[in-house]
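*Asks:* Numbering (my numbering), first residue to last: 6 to 413.
Built from N, CA and C at the ideal position, the CB exists for glycine as well.
No experiment lies behind these values; they were computed from the predicted model shown.
Could you have a look at this structure, given as C-alpha cells, before my questions?
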C-alpha cells in the first residue's frame, strides 16, 4: 500500500471477509497455510504422523522427523490422501473437544471457550476445535495462532528445564540404584550370616537334645541299677544313713581333738608363764642384771615421769619396774599385742611421757602404732632391738637428758 501511495495509484479498500453463517466446520486444507505447521506440530505426535504416512504410502517413510513434518505440511495445502488421513486422525483424537466447541454459537462464545480450554490439559483438542469451528474469524484465528506460538516457546523452555531435571533425576537414580544394589548386597550377606548362625544354633540344639536324652537315659539306667542293688541288699538305705552319720561324727571328733590340742598348748604356755613369774618373784633384783658395766641414772632423774615399756619377756617385767622406779619414774607396761588388747595401747601411749619400745618381741601393728604416735605427738621414744636389762638401762640413760628438761 505504501508503494501504491508513492506512485499515486488509487487503492481500493477490500472489505473484511466475514465467516460464512453456515455450520460446516472447515477442513484442514481450507485453513490458511501458516496454520498447517502449528496444527501438525501441536496436534499430532511424530510417531502418529509417521504411522499415517506409512499407511497412506503403503511403505515405510525414510525421511527424518523434520523432513516428514515439512512434507506433511506441504500435502495439507490441498486435499490429498495424506491430508484426508490427517483430517480423520485429528477428528478422532479431538472428538471430545469438538463436541464441547460445538456448543459455542457465537465468535465471542468460541473465544471464551478457547480461553478456558487452552488453560486445560487438552491444548491440541482445543486448538483443532477452535480453528475448524464455523464461527472462528480471522481475528480469532490470529489470536489462537499467537497464543499457541507463545505456548510453544514456553513449552520449549519448560522442556529444556524438564530435560535438565530429567538428567539430574537420572543421575540421582543411578546413585540411588548403586546404593540400593550395595544395600541389597549387604542385606543378602547379612541374611546369609543370619541363616548360617541359625543353622549352627539349630545344630547345637540338636546336639544338646541328644546329650539331654543320653543323660536322661543314663540317669534312668543308674536309678534302675540302684533299685536293683537296693532290692538285692536288704537294709541298704539304713546302712548308707549309718555311714553318713559315722562320717559326721568323725568330723566332729576331729574338730574336738583339734580344739583340745589347742587348749592343751594354751595351758602349757600359761603354766610356763606362771613358772617364769614365780621364779622372777623369788629371784633377787640384782640377779637379773648382767655384768655389762652399764649403770642406772641417778635416782629421781626421771622426775616422776611416766615411762611406758612396750614389749619384753613376762619374767623381766618386775625387773623393768624396779629399774624405772629406782630412777624416779612411774612404770607403765604393755606387752605389744601378745596378751594385752592392742586397742589399749593407744590409751597407754597417751598416758606416757617417755616410751621404750623393745621391737624384738612385739607385733607389727604395735610397732607401727608406737612409731606413729610418737612421731605425731613429738614424744621421746627409744627403740631397743634385743630385750634385756642392759638394753633397758641404756635406754633409760638416753632418756635422762630429756627428762631433766622441765615438762612442757
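1) Measuring CB atoms only, is the stretch 70-77 touching the stretch 121-128, in the sense that at least three cross pairs come out at less than 8 Å?
2) Please state whether DSSP places residue 81 in a helix, a strand or coil.
3) Would you tell me roughly how many angstroms separate the C-alpha atoms of residue 298 and residue 391, rounded to the nearest one?
4) Within the present structure, is the beta-carbon of residue 213 separated from the nearest heavy atom of the ligand MN by less than 6 Å?
5) What three-state label does DSSP hand residue 238 in the structure shown?
6) Apply the 10 Å Cβ neighbour rule to residue 361 and answer buried if 16 or more other Cβ atoms are within range, or exposed otherwise.
7) Check each candidate in 329, 179, 320 and name the one with the smallest Cα separation from residue 312.
8) Roughly how many angstroms separate the alpha carbons of residue 420 and residue 196, rounded to a whole number?
9) What is the DSSP secondary structure of residue 414, counted as helix, strand or coil?
10) How about residue 387 and residue 368: do their beta carbons lie closer than 7 Å?
11) From the DSSP secondary-structure annotation, give me the bridge partner or partners of residue 386.
12) In or out: residue 260 buried (at least 16 other Cβ within 10 Å) or exposed?
13) Measure the CB-CB distance between residue 316 and residue 363 and report whether it falls below 7 Å.
14) Could you compute how far the alpha carbon of residue 142 sits from the alpha carbon of residue 32?
15) How many Å lie between residue 266 and residue 252 at the Cα?
16) Can you tell me whether residue 265 is helix, strand or coil according to DSSP?
17) From this set, 342, 347, 139, 82, which residue's C-alpha is nearest residue 107's C-alpha?
18) For the putative contact between residue 2 and residue 133, defined by C-beta atoms under 8 Å, what is the C-beta separation to the nearest angstrom?
19) Could you check the C-alpha separation between residue 213 and residue 221 for me, to the nearest Å?
20) Under the three-state reduction of DSSP, which class applies to residue 99: helix, strand or coil?
21) Which residue comes first and which comes last in the beta strand (DSSP E) that contains residue 29?
22) With distances taken between CB atoms, is the gap from residue 102 to residue 127 smaller than 7 Å?
23) Which same chain residues, not among the five before or five after residue 292, have their C-beta less than 7 Å away from its C-beta?
24) Do you know whose CA, among 73, 112, 66, 49, lies nearest residue 98's CA?
25) Residue 389 and residue 400 - do their beta-carbons sit closer together than 7 Å?
26) Thinking just about the alpha-carbon of each residue, which of 396, 235, 393, 359 is nearest to the one in residue 378?
27) Do residue 87 and residue 61 have their beta-carbon atoms positioned less than 7 Å apart in this structure?
28) Within a Cβ cutoff of 7 Å, which residues of the same chain sit near residue 34, ignoring the five residues on either side of it in sequence?
29) Suppose the cutoff is 7 Å on Cβ atoms and the five residues either side in sequence are ignored; what does the same chain contact list for residue 71 look like?
30) Name, in chain order, the residues that DSSP records as bridge partners for residue 337.
31) Could you check where the alpha helix (DSSP H) with residue 391 kicks off and where it finishes?
32) Could you pull out every residue in the same chain whose Cβ sits closer than 6 Å to the Cβ of residue 116, ignoring the five residues on either side in sequence?
33) Keeping to the same chain, check which residues put their C-beta closer than 6 Å to that of residue 65; ignore five residues upstream and five downstream.
34) For residue 321, count neighbouring C-beta atoms within 10 Å of its own C-beta (all shown protein chains included) and say buried if the count is 16 or more, exposed if not.
35) Pull up the distance between the alpha-carbon of residue 398 and that of residue 326, whole angstroms please.
*Replies:* In terms of the structure at hand:
1) Verdict: no, contact absent.
2) Looking at residue 81 - three-state DSSP - the assignment turns out to be coil, as it is neither helix nor strand.
3) Unreliable placement is indicated for residue 298, whose pLDDT of 49 sits below 50; no coordinate value is reported for it.
4) This structure lacks the ligand MN; in fact it carries no ligand of any kind.
5) Taken through DSSP and simplified to helix, strand or coil, residue 238 comes out as coil.
6) Residue 361 should be labelled buried.
7) If we check each option's Cα against that of residue 312, 329 comes out closest.
8) Because the chain spans 6 through 413 in this model, residue 420 falls outside it and cannot be assessed.
9) Only positions 6 to 413 of the chain appear in this structure, which leaves residue 414 out of reach.
10) No, these two residues do not count as a Cβ contact at 7 Å.
11) Beta-bridge pairing links residue 386 to 360.
12) It is exposed - the Cβ of residue 260 has fewer than 16 other Cβ atoms within 10 Å.
13) Their beta carbons are under 7 Å apart, which means residue 316 touches residue 363 by this criterion.
14) Their backbone Cα atoms lie some 15 Å apart in a straight line.
15) C-alpha separation (whole angstroms): 21 Å.
16) Secondary structure of residue 265 (DSSP, three-state): helix.
17) Cα-wise, what sits closest to residue 107 is 139.
18) Here the chain has residues from 6 to 413 only, and residue 2 is not among them.
19) Straight-line spacing of the CA atoms in residue 213 and residue 221 works out to 12 Å.
20) It is coil, neither helix nor strand.
21) Counted as a single uninterrupted DSSP element, the stretch harbouring residue 29 is not any beta strand (DSSP E), since DSSP gives it neither H nor E.
22) Cβ distance < 7 Å, so residue 102 and residue 127 count as in contact.
23) Any reading at residue 292 needs caution, since the residue's pLDDT is 41, under 50, leaving its predicted position unreliable; the model's value is listed next. Excluding sequence neighbours, residue 292 sits near nothing in its chain.
24) Of the listed residues, the one whose Cα sits closest to residue 98 is 49.
25) Between residue 400 and residue 389, the C-beta spacing is below 7 Å.
26) Ranking 396, 235, 393, 359 by CA distance to the CA of residue 378 puts 359 first.
27) Yes, the Cβ-Cβ distance between residue 61 and residue 87 is below 7 Å.
28) 81, 82, 83, 84, 88, listed in sequence order.
29) Answer for residue 71: no residue qualifies.
30) Paired residue(s): 313.
31) Taken as a continuous stretch (DSSP letters only), residue 391 belongs to no alpha helix (DSSP H), as it is neither H nor E.
32) Same-chain partners within the cutoff: 145.
33) The answer, listed in chain order, is 59.
34) With 16 or more other Cβ atoms from the protein chains shown falling within 10 Å of its own Cβ, residue 321 counts as buried.
35) Distance between residue 398 and residue 326, taken at the CA atoms: about 12 Å.
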